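Structure first, commentary second.
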Amino acid sequence: MPRAHIKRKSTAIDMTAMCDVAFLLLTFFILTSKFKTEDLVPVDIPGSSVIVKLPDDVATLTIGQKKVFLSMEGEAIRAQTLESVGQQYNITFTPAEKAQFATLPSFGVPIASMKQFLDMDPLKRKELTQPGIPTDSVSNELFNWIREARRSAKALATPGVARKAEAKYEVKKHPPVLI
8 MPRAHIKRKS TAIDMTAMCD VAFLLLTFFI LTSKFKTEDL VPVDIPGSSV IVKLPDDVAT
68 LTIGQKKVFL SMEGEAIRAQ TLESVGQQYN ITFTPAEKAQ FATLPSFGVP IASMKQFLDM
128 DPLKRKELTQ PGIPTDSVSN ELFNWIREAR RSAKALATPG VARKAEAKYE VKKHPPVLI
């Protein structure tokens, strides 16, 4: 008994749509990814710990080798924090220095040497061993950095209110909140 022969069809497939989808996915993943910042002090997380996604407006302290490093999220918060801490120590920063500081993911430099640190070439800055933020009880710079970062984040997160000029609204004043 002869076997029935099935007519073979062409295996040519139009790959245009497949390439379009691949490039769309690639573009999506590139644009939505967040690059890992370089740690100034290596941090070994235990293998059994659960990694929880941190909120976007968080400040992180990295403590290691008797040094403390601070990292803050948000360029506007970093620039405002630098300006506020500089005012406390009577140091004025140029707009270029504020912009440079706003791009730093983390730092561990005393405020007295911050201007020299910001004026350095970015490649030399990476090679520099940062001394850490001073935490002694006499001039606790770390406390000032954290306080001003919280104030900056709160000041920048305060929503503005827009209303029509002819509309009548009752305005309630709240007492100032101290952090």
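In terms of our numbering, the sequence shown opens at residue 8 and continues consecutively. All residues carry an ideal CB built from backbone N, CA and C; glycine is no exception. Predicted, not measured: the structure shown is a model, and the values here were computed from it.
Take the alpha-carbon of residue 75 and the one of residue 156: they are about 16 Å apart. In the DSSP assignment, residue 93 falls within the alpha helix (DSSP H) that extends over 82-95. Of the other Cβ atoms in all chains shown, 16 or more fall within 10 Å of the Cβ of residue 88; this residue is therefore buried.
Within its own chain, the residues whose Cβ lies closer than 6 Å to the Cβ of residue 79, once the five positions on either side in sequence are excluded, are 66, 85, 156, listed in chain order. Taking a contact to require three or more Cβ pairs closer than 8 Å, the segment 21-33 and the segment 87-102 do not qualify as touching. In this chain, the beta strand (DSSP E) harbouring residue 79 covers 74-79.
Nearest to residue 136 by C-alpha distance, out of 115, 91, 77, 160, is 115.
A residue is called buried when at least 16 other Cβ atoms come within 10 angstroms of its Cβ; residue 124 meets this threshold and is buried. Residue pairing for residue 69: DSSP places it in a beta bridge opposite 76. Take residue 28, set aside five residues on each side of it, and no residue of its chain has a beta-carbon closer than 6 Å to its own. Counting only the Cα atoms, residue 113 lies some 11 Å from residue 133.
About 10 Å separates the Cβ atoms of residue 94 and residue 151, ruling out a contact at the 8 Å cut-off. When only Cα atoms are considered, residue 154 and residue 147 end up about 11 Å apart.
The alpha-carbon separation between residue 73 and residue 142 amounts to approximately 10 Å. Nearest C-alpha to residue 162 among 117, 91, 122: 91.
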